[in-house]
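Chemist: Once you've had a glance at the structure underneath, I'll fire off some questions.
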Amino acid sequence: MRKGIVLAILFVVVASVGFASPRILTYQGSLLRPGGAAPVSNGTYDMRFSIYDVASGGASLWTETDAAVQVTGSLFNTVLCDGTAFSRTFSPWHYDLWLEVEIDVDGNASFDGDELFSPRQRLTASPWAMDADRLNGRDASQFLSSAMPLTLEVSSGSTAIQFTNYADIRNVQDLYFRDPATANDIYLYGGDINEAGNVTADSYRYGTDPVYHRKYSSMELVTLIDNPTDRVHRHESYGYSYMFSGTGPHYNSKLGTAVRLPHGAKIEEMVAVVYDNDNAGSIDVQLWRFSASGSRTDMAQVKTVHAGTSLAVQSLADSTIDCPYVDNSTYSYVLCVWFDASAPGADKIRFYNVRLRFTMPTVAP
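Numbering follows the numbering used here, with no gaps: position 59 of the sequence shown is 65.
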């Protein structure tokens, strides 16, 4: 502890502490000898400054060394924090701060034990003035403004607002809104939207497109071409249709039904379940789209071939769908099954059912 020299100090905050104020302090001091003895010699001295949150002991919160500080007539002036910045958090969180000063009076390039001035000097309002435009150490730009409109910009990969799920949503919701005009409440919880009134939207989209299936059995189809002698019979016990009677050399007829799927649906696949044990005949299943003027688009087709016979029930699929999106406001849709048999009544060509697989990527009200 330096006993032969007395240190008098004065803090001055540099510039205004309003908006964008500098976070530095001017420190002025006077080195005097007790009893009015000769002043400390003019010259430059190294000085070290430390800040603590206790009057003695403890750990330093901030330290800075100012080299070659000019002392003239026992007076000196230096700037703190121009080399080592003050922490942006310790001022608002520490209500009691003390400054400790060490001066290399003998100029041996070290701070000896007797060059520590004691006691520490308690800081008053000056350091906190640097935080006047901040709240708990945070700059004003880090807080939302009351000015409207309010825009929240989020960089890629960042979380804008994160809410914690609570087990009891009667008290706390993830995100909660209230319409002051109607007093209706809407809140989000666990991915659900709960609304006392109505939720209005032009359309909505699923996170993962749900998959649906619509099956048409042989019992749902009606005769489209019914020649006097060419008829299709439905085997109700086994659920299939086949050529029952007709005139040669080919016996053919068509069955069909209207297809009704939700507007906006996307047809992804047509699968027909058929049986063909006729080496000269075939069965042809098609999905058609008709415009208001009557023009037809062949959307999907599966067909058995004449090459040999098969004693197994087949599932024939077509996943290359032309114009797959359903537009009920402009088009109508028809499913058609065409029988072409070499002989009637032999039960060699059978139609069981057809299944359409579709998704609903976007739903419009």
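For glycine and all other residues, C-beta sits at the position ideal for the given N, C-alpha and C.
Looking only at DSSP bridge pairs, what is Glu-275 linked to?
Modeler: Its beta-bridge partners are Arg-363.
Chemist: Please report the residue range of the beta strand (DSSP E) in which Met-305 lies.
Modeler: Here the beta strand (DSSP E) through Met-305 covers 302-309.
Chemist: Please return the same chain residues whose Cβ sits closer than 7 Å to the Cβ of Val-311, not counting the five positions on each side in sequence.
Modeler: Ser-288.
Chemist: Quick one: measure Cβ to Cβ for Gly-49 and Phe-82, integer angstroms, because I've assumed they're closer than 8 Å.
Modeler: Gly-49 to Phe-82, Cβ: 10 Å. No contact.
Chemist: Per DSSP, what kind of secondary structure is Ser-224 in: helix, strand or coil?
Modeler: Helix, per DSSP.
Chemist: Taking its Cβ as the centre, do 16 or more other Cβ atoms sit within 10 Å of Ser-335, making it buried, or is it exposed?
Modeler: With fewer than 16 Cβ atoms within 10 Å of its Cβ, Ser-335 is classed as exposed.
Chemist: Cβ of Ala-298 within 6 Å of any heavy atom in the ligand MG?
Modeler: Judged by which ligands are present, the structure shown has none, so any question about the ligand MG falls away.
Chemist: Which residue spans inside the region 57-112 form an unbroken alpha helix (DSSP H) run of at least 4?
Modeler: Whole alpha helix (DSSP H) segments, 4+ residues: 96-99.
Chemist: Grab me the residues of Val-111's own chain with a C-beta within less than 6 Å of its C-beta, minus the 5 sequence neighbours each way, in chain order.
Modeler: Correct list, in chain order: Glu-121.
Chemist: Taking Leu-67 as the reference, give the member of Glu-106, Gly-300 and Gly-79 with the closest Cα.
Modeler: Answer by Cα proximity: Glu-106.
Chemist: Would you please state the rounded distance, in angstroms, between the beta carbons of Leu-341 and Tyr-222? I believe it to be under 8 Å.
Modeler: About 6 Å; that satisfies the 8 Å criterion.
Chemist: Go to Asp-324, then tell me how far its beta strand (DSSP E) extends in each direction, as first and last residue.
Modeler: First-last of the beta strand (DSSP E) with Asp-324: 319-324.
Chemist: Please say whether Val-332 and Leu-267 have beta carbons closer to each other than 7 Å?
Modeler: Yes.
Chemist: Give me, in chain order, the residues of the same chain whose beta-carbon lies closer than 7 Å to that of Asp-328; leave out the 5 immediate sequence neighbours on both sides.
Modeler: Excluding positions up to five away in sequence, the list reads Thr-303, Asp-304 and Met-305.
Chemist: Using a threshold of 7 Å, state whether the C-beta atoms of Ile-355 and Phe-364 are closer than that.
Modeler: Not closer than 7 Å, so no.
Chemist: I need the boundaries of the beta strand (DSSP E) containing Ser-266, first residue and last residue.
Modeler: Checking the sequence shown, residue 266 turns out to be Arg, not Ser. It is not in any beta strand (DSSP E) - Arg-266 carries neither H nor E in the DSSP assignment.
Chemist: Determine, using beta carbons only, whether Met-366 and Ala-271 come nearer to each other than 7 Å.
Modeler: Their beta carbons are under 7 Å apart, which means Met-366 touches Ala-271 by this criterion.
Chemist: Among Glu-108, His-241, Arg-126 and His-219, which one has its Cα closest to the Cα of Gly-119?
Modeler: It is Glu-108.
Chemist: Taking the C-alpha atoms as reference points, what is the distance between Gly-245 and Thr-229?
Modeler: Taking the straight line joining both Cα atoms gives about 16 Å.
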